[in-house]
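What follows is a set of notes on a single structure, which appears directly below.
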């Protein structure tokens, strides 16, 4: 069953007097448990597509269904709720809250979810262990390396028990060793827990480890490759 | 977590937050200092008015207050005073006969207000007995003896033991006159009273002014002078069928003083507005700056599931925290600034001599009650919460994708 259904999706931006067509009619289904990568050069529309799937931006035309529910007309409040319950985000710039420790960054969305004390503690400890940064739990982002911050971001995304993880250029600021180990970790979680991972990247290593590769060019899916 | 997050956000830019909190703090200290002073003036003004002359309530023959003339008498004062005294909130009453008269010595004649009192019951209503600076308050119990205001005595050039002649028209239209000995000289906080008033025994006044047992005024002392308005209704009910009588509160008797109280409260309110306006702009500005610095981060918070309403609340909590810190520290500072004046008072003798219709003591003691602090802090917090509405709305209406792109 498709967890994400994208139908003839179009997105235009106005930059002053110029209208930029970021997406020109994208249609794609992503099944539960997929490990999908949207690849393509800068400006191909992959980040825009990820933002629209995550409900972070307004759809110009077409529709998106998440878990069978159309999200086009939902307000920011409802979209926040869907993101909180179903979607984990991993960003290129890690995007942790700088005044919170690693532990608190992971705890933050769990508090929003209303997860009880004991369950919350157990999930945070499990997530820290999973990404192998248990000893850094009391550090703030500024006191951690890029790789360590990205691990916290992954732990934050996974601790909420999402159906989908949207990862926008997650390895762009990491060295190759860190990049590979993180992608391997995500692959392992995907295989073990069936969490759907959707990447946008132009990192060959990430593309190579994806089960399904969708190439975007000029706002359209140009070709698709499936791997075992 | 959310309070902790708000707290940490406040201290991200320590200098900016410290300046904002300091502004609130100084404003609040100013408010507390002003309130302490105004409370002192108001209480002093009311106490001087109520305890110097009027009492908390007065009962007259209807129309006496608007057109005071000696023939407007309460004919059954004992019965009326018994009914009023029986009320639980009444402390005591004083029967008075009042009229204008001419006071003469061998050298001079001056107009004066003659007031007949029973010194025992008057001492329950006013502090006149404390104001006698020469002679004896009780001297008027013996016949044909009077108490003179200090200024009046100076103007007439009379001393203790001297004799004066008082001439006045009686309630029956006859002219009364007699010779009286100066048994005491008083000095109050009111230059008008010191210049104009002569107190004599009630029976002397009744005889001089031919009231035949009637009185012009029954001044009422209440256990709680602040409850004059509600006590007035109780007195009216107690008087029942006495339609020819009127009951007035001290505010109605002395509208100038009541207006001055309102004016002072208005001045405090104006001061509140100025301080709160500064606090509101300061907080609002700080929050807007802080939000501009955190647009990207707010976008991230939204993208991981923070509802716009939570972003709004988070921003408002930061504002309220700053208001709370500033107002609590400011209250403490204001109290410390006021402490010397609470204990030792503020010397306003230069002013006390200059004013006319309102009696102030030469030293005003600041007064602060817990309610002043609670109310002040409450309003500062309220204003800071309101001043956060615009920046909080701005934060909560950010589009996550745009906010994340913002660097």
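Protein chains in written order, with this note's numbering: chain W, 1 to 228; chain H, 229 to 635.
Yeah, the Cβ is synthetic: ideal placement off N, Cα and C, and Gly gets one too.
Because the structure is a prediction, the values reported are computed rather than measured.
Only residues of its own chain outside the window of five on either side were considered, and among them 195 have a CB closer than 6 Å to the CB of residue 189/W, listed in chain order. Contact with chain W is absent for residue 543/H, since none of that chain's Cβ atoms lies less than 8 Å from the residue's Cβ.
Straight-line measurement puts the Cα of residue 608/H at about 54 Å from the Cα of residue 39/W. With at least 16 other beta carbons inside 10 angstroms of its own, residue 149/W counts as buried. Here residue 415/H has 359, 361, 378, 422 as same chain residues with Cβ atoms under 7 Å from its own Cβ, once five neighbours each way along the sequence are excluded. In this structure, the beta-carbon distance from residue 620/H to residue 527/H does not fall below 8 Å.
Between residue 237/H and chain W, the shortest Cβ-Cβ separation is below 8 Å. Taking 8 Å as the cut-off, the Cβ atoms of residue 268/H and residue 500/H do not count as close.
In the DSSP annotation of this structure, the continuous segment of the alpha helix (DSSP H) that includes residue 242/H starts and ends at 242-277. Within 9 Å of the CB of residue 121/W, no CB atom of chain H is found; the nearest one sits about 13 Å away. Following the DSSP letters along the chain, one finds residue 288/H inside the beta strand (DSSP E) bounded by residues 285-289.
Residue 397/H is bridged by DSSP to 403/H. At the C-beta level, residue 23/W and residue 14/W stay beyond 8 Å of one another. For residue 313/H, the enclosing alpha helix (DSSP H) covers residues 305-313. Cβ contact annotation for residue 139/W (same chain, cutoff 7 Å, sequence separation greater than five): 101, 102, in chain order.
Nearest C-alpha to residue 132/W among 213/W, 97/W, 184/W, 168/W: 184/W. With respect to residue 234/H, residue 558/H sits apart: the two C-beta atoms are not nearer than 8 Å.
In the DSSP annotation of this structure, residue 115/W is not part of any beta strand (DSSP E), being labelled neither H nor E. A straight-line Cα-Cα distance of about 27 Å links residue 45/W and residue 97/W. Residue contact with chain W for residue 483/H: absent (no Cβ-Cβ distance below 8 Å to any residue of chain W). Comparing alpha-carbon positions, the option among 400/H, 530/H, 555/H lying closest to residue 254/H turns out to be 555/H. Close CB contacts of residue 71/W within its chain, under the 6 Å cut and outside five residues either way in sequence, are with 55, 64 (chain order). The secondary-structure analysis by DSSP pairs residue 321/H across a beta bridge with 448/H. Looking at the DSSP output, residue 332/H shares a beta bridge with 337/H, 393/H.
Fully contained in the region 78-139 of chain W are the following alpha helix (DSSP H) runs of length 4 or more, in chain order: 102-113, 117-130. Going by C-alpha positions, residue 508/H is about 41 Å away from residue 167/W.
Secondary structure of residue 281/H (DSSP, three-state): helix. With contacts defined as CB atoms closer than 8 Å, residue 154/W and residue 182/W qualify as a contacting pair.
Judged by DSSP in its simplified three-state form, residue 474/H adopts strand.
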